Structures are given as structure tokens and as C-alpha cells.
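Trainee:
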Amino acid sequence: MKSKLAALARSFRWAGCGVRHCVLHERNFRIHLAAALFVFWLAGALRVEAAGFGLLSLAAGGVLAAEMLNTAVEAAVDLASPGRHPLAKLAKDVSAGAVLVMALASVGVGFAVLWRPEGLLALWRALLAHWQPKVLLVIYLALAAWFVFGFGGEKQTPA
Numbered sequence: 012m013k014s015k016l017a018a019l020a021r022s023f024r025w026a027g028c029g030v031r032h033c034v035l036h037e038r039n040f041r042i043h044l045a046a047a048l049f050v051f052w053l054a055g056a057l058r059v060e061a062a063g064f065g066l067l068s069l070a071a072g073g074v075l076a077a078e079m080l081n082t083a084v085e086a087a088v089d090l091a092s093p094g095r096h097p098l099a100k101l102a103k104d105v106s107a108g109a110v111l112v113m114a115l116a117s118v119g120v121g122f123a124v125l126w127r128p129e130g131l132l133a134l135w136r137a138l139l140a141h142w143q144p145k146v147l148l149v150i151y152l153a154l155a156a157w158f159v160f161g162f163g164g165e166k167q168t169p170a
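Quick note on the numbering used here: the sequence shown kicks off at 12 and runs consecutively.
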């Protein structure tokens, strides 16, 4: 029983290594994370119900998972075909296209869940009326820009 638990713990650790790799080396993964954080903040500010949060979680998780699968496909293709090859290009293009399709679908989910004109207008008015929300927004945007463009290392294939 102990060895089964250890094996399970190892599998979670390896999965964590995959997530860590994407956070550190995949700019687009960080873009999706920053966008998801903003969407969840907006959902909270609009008092979205639990079902809406569930849909947003599935959409954001789907985009992040698609981005991770794209990274895995790119790494496998680079390993199998270090030179240029039309089929390698096709595999990478289709994989990236899958991320795009999922991201566009998640935008649709976001609009369906978050489109609340009265609530959005109230948030906009609060942003314009008080200096604190403006400062917080600037801080978030600066941190998001640093996270996306200044965080992590060069893109690389893990060993």
C-alpha cells in the first residue's frame, strides 16, 4: 500500500514539474494564466453564481491544458524531427490551432457568463470615480506584464 501511495505522489510531482515548466518557459501559458486571473476577479466583482464560476473554470482549465498539450507536441516533434519537415510543421500548426480554438471557445463562455451590462457599468463607474481601483488596475497590469514577459527563462524542451 505504501508503494502505491509513493507512486501516486511521484505522478503528482511529475505533473507539477510539467506545470512548472510551462509557467517558467511558455509565454502563452503565462498569458492565459494572467487572463484567467482577471476573469475570475471580474466574476467575483460581478457576483457570478457557482455554476458560472464552474463554467469559467472549465474554460480556463481547458485553455491551459490545451497549451500544455501543445508544448508536449512541440517537444515530441522537436525530438523526433530536429530538422525542418512538412509533417513536423503540420503537427505543430494543428496543435497550436487547437489552443486557438479552445481559447476562442473560452472567450465565448466568458461573454456568456460575464455579460451583465448593469454590473459592468457599475464597475466602470467605480473605476472612474475613485483613485484606488485605478491604482490597483495599474498594479495588476504591471504585474501581469512582468509575469508574461519578464518572468521565467528561455523556452526550452525539458530533459
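Glycine is no exception: its CB is placed at the ideal position from the N, C-alpha and C atoms.
Small disclaimer: the values here were computed from a predicted structure and weren't measured.
Flag this pair as touching only if the stretch 31-49 and the stretch 79-86 have three or more C-beta atom pairs under 8 Å; answer yes or no.
Mentor: yes
Trainee: Closer than 8 Å by C-beta to L69: which residues in its own chain qualify, once you throw out the five before and the five after it? Chain order, please.
Mentor: V120
Trainee: Pairing CB atoms from the stretch 45-55 with CB atoms from the stretch 122-135, are three or more of them under 8 Å?
Mentor: Per the Cβ contact rule, the stretch 45-55 is in contact with the stretch 122-135 (3 or more Cβ pairs under 8 Å).
Trainee: Quick check: the Cα distance between R21 and G29, rounded to an integer number of angstroms?
Mentor: Taking the straight line joining both Cα atoms gives about 13 Å.
Trainee: Determine, using beta carbons only, whether E78 and V112 come nearer to each other than 8 Å.
Mentor: Inclusion of E78 and V112 in the CB contact set at 8 Å is not warranted, their separation being larger than that value.
Trainee: Determine the closest residue to A155 out of L66, H96, F49 and K100, with distance taken between C-alpha atoms.
Mentor: F49
Trainee: Identify whether G94 lies in helix, strand or coil by the three-state DSSP scheme.
Mentor: coil
Trainee: Does the CB of R38 have a neighbour CB from chain D at under 8 Å?
Mentor: The structure shown contains no chain D; it is built from a single protein chain.
Trainee: Have a look at L89 and L98 and give me their C-alpha separation to the nearest angstrom.
Mentor: Sequence check: residue 89 is Asp here, not Leu. Rounded to whole angstroms, D89 to L98 spans 12 Å at the Cα level.
Trainee: Sort L57, A86, A71 and A102 by Cα distance to L131 and report the nearest one.
Mentor: Of L57, A86, A71 and A102, the residue nearest in Cα terms is L57.
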